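Q:
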Amino acid sequence: MALNRRLGAFDEWLASGALALMLAIPLLEIILRPLFGQGIENAPLLVQHLGLVLAMFGALLAERGQHLSSLGSGFAAAKNPVLRLGAQHFARASSALLCGMLAQASWTFVASEMEAPRDLAYGVPGWVIQAAMPLGFLLLGLKMASRMSPEVGLRAALGLGLPLAGWLFAAHFDGSTLPLWPFALWLAAILFCGAPIFAVLGGLALALFWQEGQPLASVPLSHYQITVNPSLPALPLFTLAGLFFARTGAAARLGALFTALFGSGVTGTAIAAAILCSFFTAFTGGSGVTILALGGLLLPLLTKAGFPEKRGISLVTSASALGVLIAPSVPLIMYAIIARVPINTMFLAGLLPALVMIVCLLLVGGYLNLKTVTPPECFLRPEGSTLGVRGAVNAKNGPDFSAARTAAWKAKWEILAPFVAIGSLASGIATPTESAALTALYALLTQAIAHRELNWALLRRSLAECAEVIGGIMVILGMALGLTNFLIDAGIPDAAIEWVQSILPNKLAFLVALNVFLLLAGALMEIYAAIIVLVPLLLPVALSYGIDPVHFGVIFLANIEMGFLCPPAGMNIYFASAMFGKPIKYVALSVLPALAAMLCGALIISALPFLATWLPSLL
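Numbering (this note's numbering), first residue to last: 1409 to 2027.
Here you go:
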């Protein structure tokens, strides 16, 4: 236990330190360039490689919190205690073995880089940073295996033995040709036993390279390529900015503003809740964070306005998924990187479709239909009054512009945040990384100095939480990219184009099929894995039908965001269940009207390309 605590502190220190440097270096660059004509040597390259450190040790933090995504618990949640324990042990042992294999493949990649070392900056060779990959995978395997027993000696034996066994297996058979089917069966079994997605994706990538007799180092090479992508540092920095707002009173101030603007009646509260949840998700980078940060604030407001508890939970849970299309959302940036579309273009492209999705949610989902809610007694028509329910609600609970002015002044720093983030990027003043760093600094200063709500403890917590979220995402992306690169090299996209065109004769049929497929994919795949795996496969097919890549990206994200509401990968359902203390089935059934409404919105976006392309065309 003492060793685990020390390892945990080590993980947090390294990951948080890397994140802090990723924030500091672009800011120093902005200051030093005008003053001295030059900045920090190879600053962009340094920041990118710090992203690799953040990815690996942030993944260790995610594992410590047991937040590495899985496809669902499967047999690991079985009622039979023997079956449940057996499934958990099988998944952990297998994941530890796979981590050992990935560590060995990573070391092979690092060793090749050591033969012809390249300096990053100030004489530091690149392989020093790259060594975080084999070390990180070994520590991941150690942690997973050590969870299998409470006995100290057995924990140590399993923690060291299983990753080492995986290492030796990979070293012995690297370059050999092995059959795919035993690995496929094994990976399918551990997936349904609750193994982390990154281990399954990484294992499948290794198995495919083994089948072809190709070097295993190709998998960590893909992981390295995605983590040091020039645009990727924007992800953790925008997420960090959102967490600064989420951990202070920003949510309450914005809630007061939106409630005053739209009124506290049924209609106003529903609109305020939908908009607030959407924009908060866009900034925090996670709809789960929005549910946890705003759920306790918004549900009482909705029930007070007359919403039954089930409808209120449904609205908060579903509206928190809509921020995917609003800048500076992490999935929006990820799509831009993978599809090689300018980030500022995607920021503008998502605005009108996001509005369409919000309107569809409120109208088609029935959240603005007064017949579906029960007004509280204070809203009922007074005796002798000629006002109906709608009139009573609006009379007592319409917009209060005086209160809105007061609330706007209190929330002025939060209101200006989108202009800092989007304005600095869309104007071309700052690169994506610099824009994200400026936004994070803005959030830090406003919440720490202007509001005096962000202290050292919350700052440290925000850094660690951001590292945990990004690490969990990045290790999935790295393994998914290894799989994707194999599929591309194997000519799968070209074959997919030919097959799809043979069964779907026109663009309309393809768009309908695309929406259905993406809805199902969102229910089965974690959103970031879906982006990295599916976009390279589906985008060429969409282009063959004459679909603009910007329009395709918006369609893709509009459908995938519905996956937040669909088991088994629908994380919003699990977060809402925990936040509101309701069974998962209760929450899943409550969001069905929202799912239908969001599907309507996705179809509208698919049929009207100008919703996605008009604003970017104005640049």
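Idealized CB from N, CA, C, for every residue including glycine.
The structure presented is a predicted model; accordingly, all values stated were derived computationally and were not measured.
Does the separation of the CB atoms of L1707 and E1969 fall below 9 angstroms?
A: Position 299 of the sequence shown, counted from the first residue, corresponds to residue 1707. Position 561 of the sequence shown, counted from the first residue, corresponds to residue 1969. Contact: no.
Q: May I have the straight-line CA-CA distance separating R1798 from A1815, to the nearest angstrom?
A: Residue mapping note: residue 1798 aligns to position 390 of the sequence shown, counting from 1. Residue mapping note: residue 1815 aligns to position 407 of the sequence shown, counting from 1. Note on R1798: pLDDT 38, under 50, position unreliable in the model; no value is reported.
Q: Which runs of the alpha helix (DSSP H), 4 residues or longer, sit entirely within the region 1825-1897?
A: As far as the region 1825-1897 is concerned, its whole alpha helix (DSSP H) runs of at least 4 residues are 1840-1853 and 1864-1897.
Q: Report yes or no: do the region 1562-1572 and the region 1580-1587 share at least 3 C-beta pairs separated by less than 8 angstroms?
A: The region 1562-1572 vs the region 1580-1587: no contact.
Q: Between the Cα of L1469 and the Cα atoms of L1942, A1451, W1575 and V1877, which residue gives the shortest distance?
A: Looking up residue 1469 in the sequence shown gives position 61. The option with the nearest alpha carbon to L1469 is V1877.
Q: With 16 other CB atoms within 10 Å as the buried threshold, where does F1809 fall?
A: On the sequence shown, residue 1809 is found 401 positions in, with the first residue counted as 1. Counting Cβ neighbours within 10 Å, F1809 comes out exposed, since fewer than 16 surround it.
Q: Got a sec: does the ligand ATP put a non-hydrogen atom nearer than 8 angstroms to the Cβ of N1863?
A: Absence of the ligand ATP from the depicted structure is noted, as is the absence of any ligand whatsoever, leaving it without description.
Q: Which value, in whole angstroms, describes the spacing of the CA atoms of S1424 and F1646?
A: By 1-based counting over the sequence shown, the position of residue 1424 is 16. By 1-based counting over the sequence shown, the position of residue 1646 is 238. Straight-line Cα distance between these residues: approximately 15 angstroms.
Q: For V1560, does the count of other Cβ atoms within 10 angstroms reach 16, so buried, or fall short, so exposed?
A: Mapped onto the sequence shown, residue 1560 falls at position 152. With fewer than 16 Cβ atoms within 10 Å of its Cβ, V1560 is classed as exposed.
Q: Measure the Cβ-Cβ separation of L1849 and L1436 and say whether it is below 9 angstroms.
A: Reading the sequence shown from its first residue, position 441 is the one you call residue 1849. Reading the sequence shown from its first residue, position 28 is the one you call residue 1436. Result no, Cβ atoms of L1849 and L1436 do not sit closer than 9 angstroms.
Q: Is there contact between the region 1859-1875 and the region 1920-1933, where contact requires at least three CB pairs shorter than 8 angstroms?
A: Output reads no: the region 1920-1933 does not touch the region 1859-1875.
Q: Which full runs of the beta strand (DSSP E) of 3+ residues lie inside the region 1426-1454, going along the chain?
A: List check, beta strand (DSSP E) in window: nothing returned.
Q: Taking L1528 as part of the beta strand (DSSP E), name the residues at either end of that continuous run.
A: Start at 1 with the first residue of the sequence shown, and residue 1528 comes out as number 120. It spans D1527 to A1529 - the beta strand (DSSP E) in which L1528 sits, taken as one unbroken run.
Q: Please determine, among A2010, A2005, A1642 and I1900, the residue with the shortest C-alpha to C-alpha distance to G1961.
A: Here residue 1961 corresponds to residue number 553 of the sequence shown, with the count starting at 1. It is A2010 whose Cα lies nearest to the Cα of G1961.
Q: Measure the C-alpha to C-alpha separation of A1825 and R1661 and round it to an integer number of angstroms.
A: Locating residue 1825 in the sequence shown gives position 417, counting from the first residue. Locating residue 1661 in the sequence shown gives position 253, counting from the first residue. Approximately 14 angstroms between the Cα atoms of the pair.
Q: Have a look at P1948 and D1902 and give me their C-alpha separation to the nearest angstrom.
A: On the sequence shown, residue 1948 is found 540 positions in, with the first residue counted as 1. On the sequence shown, residue 1902 is found 494 positions in, with the first residue counted as 1. Cα to Cα, P1948 sits roughly 8 angstroms from D1902.
Q: Report buried or exposed for V1883, applying the criterion of at least 16 other Cβ atoms within 10 angstroms of its Cβ.
A: Taking the first residue of the sequence shown as position 1, residue 1883 is located at position 475. Its Cβ being crowded by 16 or more others within 10 Å, V1883 is buried.
Q: Just to confirm before moving on: does the CB-CB distance between G1534 and E1521 stay below 9 angstroms?
A: The residue you call residue 1534 lines up with position 126 of the sequence shown. The residue you call residue 1521 lines up with position 113 of the sequence shown. Going by C-beta atoms, G1534 is nearer than 9 angstroms to E1521.
Q: How big is the Cα-Cα spacing for P1571 and H1631?
A: As a position in the sequence shown, residue 1571 is number 163, starting the count at 1. As a position in the sequence shown, residue 1631 is number 223, starting the count at 1. Using only the alpha carbons, I get a separation of about 19 angstroms.
Q: How big is the Cα-Cα spacing for L1648 and E1842?
A: One-based indexing of the sequence shown puts residue 1648 at position 240. One-based indexing of the sequence shown puts residue 1842 at position 434. L1648 and E1842: Cα-Cα distance of roughly 14 angstroms.
Q: By how many angstroms is the C-alpha of G1673 removed from the C-alpha of L1546?
A: Position 138 of the sequence shown, counted from the first residue, corresponds to residue 1546. Position 265 of the sequence shown, counted from the first residue, corresponds to residue 1673. Distance between the alpha carbons of L1546 and G1673: 55 angstroms.
Q: Looking at the secondary structure, which residues open and close the alpha helix (DSSP H) in which Q1619 lies?
A: Here residue 1619 refers to the residue found at position 211 when the sequence shown is read from its first residue. Its alpha helix (DSSP H) spans residues I1605 to Q1619.
Q: Hey, quick one: how far does the alpha helix (DSSP H) through Q1909 stretch, first residue to last?
A: The sequence position of residue 1909 within the sequence shown is 501, counting from 1. It spans I1900 to I1911 - the alpha helix (DSSP H) in which Q1909 sits, taken as one unbroken run.
Q: Is the number of C-beta pairs between the region 1455-1470 and the region 1492-1512 that are closer than 8 angstroms three or more?
A: At 8 angstroms Cβ cutoff, the stretches do not touch.
Q: Kindly indicate which three-state DSSP category V1920 falls into: helix, strand or coil?
A: Here residue 1920 corresponds to residue number 512 of the sequence shown, with the count starting at 1. DSSP places V1920 in helix when its eight states are reduced to three.
Q: In angstroms, rounded to a whole number, what distance separates the CA positions of L1951 and V1908?
A: By 1-based counting over the sequence shown, the position of residue 1951 is 543. By 1-based counting over the sequence shown, the position of residue 1908 is 500. Taking the straight line from one Cα to the other gives about 12 angstroms.
Q: For a quick check, are the C-beta atoms of I1766 and I1751 less than 9 angstroms apart?
A: By one-based count along the sequence shown, residue 1766 stands at place 358. By one-based count along the sequence shown, residue 1751 stands at place 343. In this structure, I1751 does not lie closer than 9 angstroms to I1766 by Cβ.
Q: If you follow the alpha helix (DSSP H) that Y1953 is part of, which residue opens it and which one closes it?
A: Locating residue 1953 in the sequence shown gives position 545, where the first residue counts as 1. Segment: none, Y1953 is in no alpha helix (DSSP H) and carries neither H nor E.
Q: In the region 1635-1668, which residue ranges form an unbroken alpha helix (DSSP H) of at least 4 residues, counting only runs that do not cross its ends?
A: Here the runs fully enclosed are 1642-1654.
Q: Quick one: measure Cβ to Cβ for S1722 and T1698, integer angstroms, because I've assumed they're closer than 8 angstroms.
A: Here residue 1722 refers to the residue found at position 314 of the sequence shown. Here residue 1698 refers to the residue found at position 290 of the sequence shown. Contact doesn't hold; Cβ gap of about 15 angstroms is too wide.
Q: Helix, strand or coil, according to DSSP, for V1749 in the structure here?
A: Position 341 of the sequence shown, counted from the first residue, corresponds to residue 1749. Three-state result, V1749: coil.
Q: For K1718, I'd like the list of residues in its chain whose CB is within less than 7 angstroms of its CB, leaving aside the five on either flank, ordered along the chain.
A: The sequence position of residue 1718 within the sequence shown is 310, counting from 1. Cβ within range, chain order: S1998.
Q: Could you give the first and the last residue of the continuous alpha helix (DSSP H) run that contains G2009?
A: Counted from its first residue, the sequence shown places residue 2009 at position 601. It spans L2000 to A2015 - the alpha helix (DSSP H) in which G2009 sits, taken as one unbroken run.
Q: Using the C-alpha atoms, what's the distance from F1715 back to P1783?
A: Taking the sequence shown and counting its residues from 1, one reaches residue 1783 at position 375. Taking the sequence shown and counting its residues from 1, one reaches residue 1715 at position 307. Here P1783 scores only 49 on pLDDT, less than 50, and its place in the model should not be relied on; the value that follows carries that caveat. Between P1783 and F1715, the C-alpha separation is close to 7 angstroms.
Q: Taking 8 angstroms as the cut-off, does the region 1755-1773 touch the region 1679-1694 (at least 3 CB pairs, one atom from each stretch)?
A: Contact holds: three or more Cβ-Cβ distances are below 8 angstroms.
Q: I'd like to know whether the C-beta atoms of A1654 and S1514 end up nearer to each other than 9 angstroms.
A: Numbered from 1 along the sequence shown, position 246 holds the residue referred to as residue 1654. Numbered from 1 along the sequence shown, position 106 holds the residue referred to as residue 1514. No, they are not a contact pair.
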